[in-house]
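Start counting the sequence shown at 74; every next residue gets the next number (this note's numbering).
Here is the structure we will look at, set down as structure tokens.
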Amino acid sequence: MENEKQIDLEKMLNVIVVVSAKDGRRFRGKLTQYDDYMNLVLEEVEELSKEAPAKHKLIMIKGGNVSSISV
């Protein structure tokens with residue numbers, strides 16, 4: 074965990090981010106809300122999947138399922 078950086082989610086609000094979930098799924102969307110448990114709300118979401126790409130207006134990703142977040 075030495076190489077991991079602290080994430081400042083406040084700076085990522087209303088920015089398009091890519092969230093990788095622990096189950097291997099990836100989502101790209103606008104981060105609109107978060108909380109102290111790193112639960113995330115994304116809007117205008119594209120699920121990045123080779124098998125079945127999907128689009129969603131709104132999703133919530135539970136903080137315990139978040140593997141990484143990138144801009």
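For every residue, glycine included, the Cβ atom is placed at its ideal position computed from N, Cα and C.
CA-CA distance, residue i and residue j?
i, j, result
"ALA94", "TYR110", "15 Å"
"ALA125", "GLU119", "11 Å"
"LYS84", "VAL139", "18 Å"
Buried or exposed: where does residue i fall if 16 or more other Cβ atoms within 10 Å of its Cβ makes it buried?
i, result
"VAL102", "Checking the sequence shown, residue 102 turns out to be Gly, not Val. It is buried - the Cβ of GLY102 has at least 16 other Cβ atoms within 10 Å."
"LEU131", "exposed"
"SER115", "According to the sequence shown, residue 115 is Leu rather than Ser. Burial call: buried."
Near residue i, what residues of its chain come up, given a Cβ to Cβ distance below 6 Å and the 5 sequence neighbours on each side ignored?
i, result
"ASN112", "LYS135 and GLY136"
"LEU82", "TYR107"
Which of the three DSSP states, helix, strand or coil, is assigned to residue i?
i, result
"LYS130", "strand"
"GLY97", "coil"
Ignore the nearest five residues each way along the sequence and tell me which others in residue i's own chain have a CB closer than 8 Å to its CB.
i, result
"ARG99", "VAL91, VAL92, SER93, GLU120, LEU121 and SER122"
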